[in-house]
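Note sheet for the following structure.
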Amino acid sequence: MIPLAVVVFGLLSVAAVLCLVRLGRGPSMLDRVVATDSLLALVVTGLAASLFFGVDSTVLTALVVVSMLGFVGSVSVARYVGGMLTEADPEPEPGAESRDEAEPAGPSEEQR
Amino acid sequence: MILNSVLDVVAAVLLVTGALFGLTAGIGLVRFPDLLTRMHAGTKPQVLGVLLSAVGVTLAVRSAMVTGLLLVVVLLQVITAPVSAHMVSRVGYRRDNVRRDLLSFDQLAQATEALGRPSGTSGEDPPGDTPADAPPAASPT
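Residue numbers (the numbering used here), protein chains in the order written: chain A, 299 to 410; chain B, 2 to 142.
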């Protein structure tokens with residue numbers, strides 16, 4: 299039983315350290331987000347494995363909560379980085395309408 | 002008696018295999034060159050590792066409540082992993098976090114060209130992150 303625990307938790311610990319390496323090195327925020335997501339999945343695996351070794355089954359409650367909410371962080375950071383959380387364009391000033399009548403071209407959004 | 006010990010051995014093997022898949026995900030996260038490939042490593046073998054470990058624990062702890070709750074856990078992991086992977090990879094693709102020289106087939110670029118919309122960033126990057134892994138014009142390092 300003890301060698302099996304050492305093997306299983308050793309493998310998970312090495313994987314967690316590698317995720318931490320990517321968390322530190324990742325050149326962008328999205329790489330760190332992926333590393334955090336993997337870290338949470340490793341936590342889920344480790345908690346499930348601890349049930350095998352005689353831990354009380356109340357960790358299952360924590361397990362369900364972690365697996366349910368673990369992706370909220372990565373989706374939130376992805377939405378922030380992708381610009382979906384910035385405010386909408388402010389309403390145009392009253393003086394802008396006369397400028398629009400003076401412009402012969404169409405809206406500038408299609409030119410991007 | 003024998004069934005119990007057989008189930009325990011099978012559960013131990015499944016547990017070690019699940020941990021190995023988690024290690025595979027960790028190695029892939031460190032070694033892969035690009036955001037999308039790291040996403041592949043961080044979600045697919047990872048969820049398989051969770052599944053195998055949960056099956057192993059279910060076989061060892063032969064209890065109905067544990068089985069039901071672990072089924073819920075695995076279902077939630079399977080549902081939420083593609084959502085976060087899709088969001089992160091879509092945003093990363095648009096913000097040039099992707100090494101386009103490593104892509105062998107870019108279906109999203111073809112689709113956006115066919116629709117007439119410009120692909121890539123719109124030029125007005127929101128605050129918070131500078132794009133990394135810009136596609137190199139020369140050969141990759």
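We put the beta carbon where it would ideally sit given N, CA and C, even for glycine.
Under 8 Å between C-beta atoms of residue i and residue j
| i | j | result |
| --- | --- | --- |
| residue 299 of chain A | residue 375 of chain A | no |
| residue 26 of chain B | residue 311 of chain A | no |
| residue 58 of chain B | residue 303 of chain A | no |
| residue 42 of chain B | residue 343 of chain A | no |
| residue 8 of chain B | residue 53 of chain B | no |
| residue 93 of chain B | residue 37 of chain B | yes |
| residue 351 of chain A | residue 12 of chain B | no |
| residue 85 of chain B | residue 373 of chain A | yes |
| residue 345 of chain A | residue 333 of chain A | no |
| residue 364 of chain A | residue 383 of chain A | no |
| residue 315 of chain A | residue 17 of chain B | no |
| residue 425 of chain A | residue 60 of chain B | Outside the displayed span of chain A (299 to 410) sits residue 425 of chain A, for which this structure offers no information. |
| residue 331 of chain A | residue 89 of chain B | yes |
| residue 31 of chain B | residue 358 of chain A | no |
Residues near residue i in its chain [Cβ-Cβ closer than 7 Å; skip 5 each side]
| i | result |
| --- | --- |
| residue 329 of chain A | 320 |
| residue 159 of chain B | Not covered by the structure: residue 159 of chain B. The range shown for chain B is 2 to 142. |
| residue 35 of chain B | 99, 100, 103 and 134 |
| residue 362 of chain A | none |
| residue 79 of chain B | 48 |
| residue 377 of chain A | 383 |
N-terminal and C-terminal residue of the alpha helix (DSSP H) that residue i is part of
| i | result |
| --- | --- |
| residue 335 of chain A | 327-350 |
| residue 109 of chain B | 108-116 |
| residue 319 of chain A | 300-323 |
Contact set for residue i: own chain, Cβ-Cβ below 6 Å, skip 5 residues either direction
| i | result |
| --- | --- |
| residue 46 of chain B | 22, 25 and 26 |
| residue 55 of chain B | 71 and 75 |
| residue 63 of chain B | none |
| residue 50 of chain B | 19, 22 and 23 |
Residues near residue i in its chain [Cβ-Cβ closer than 8 Å; skip 5 each side]
| i | result |
| --- | --- |
| residue 29 of chain B | 38, 39, 41, 42, 43 and 46 |
| residue 356 of chain A | none |
(request) Starting from the N-terminal side, write out each stretch of the alpha helix (DSSP H) that is 4 residues or longer and does not extend beyond the stretch 356-384 of chain A. (result) 357-367 and 370-379
(request) Entirely within the stretch 29-78 of chain B and at least 4 residues each: give me those alpha helix (DSSP H) ranges in chain order. (result) Taking only runs of at least 4 residues, the alpha helix (DSSP H) segments lying wholly in the stretch 29-78 of chain B are 36-61.
(request) Mind checking the stretch 318-335 of chain A against chain B and listing, in chain order, the residues whose C-beta falls within less than 7 Å of any C-beta there? (result) Cβ contacts with chain B come from 319, 320, 325, 326, 327, 328, 329, 331, 332, 333 and 335.
(message) Along the stretch 336-359 of chain A, where does the CB come closer than 7 Å to a CB of chain B? Name the residues.
(response) 336, 339, 340, 342, 343, 346, 347, 349, 350, 355 and 358
(message) Against chain A, which members of the stretch 98-109 of chain B pass a CB distance test of less than 8 Å?
(response) 98
(request) Anything in the stretch 53-65 of chain B with a Cβ closer than 8 Å to a Cβ of chain A? List those residues in chain order, please. (result) 54, 55, 57, 58, 61, 62 and 64
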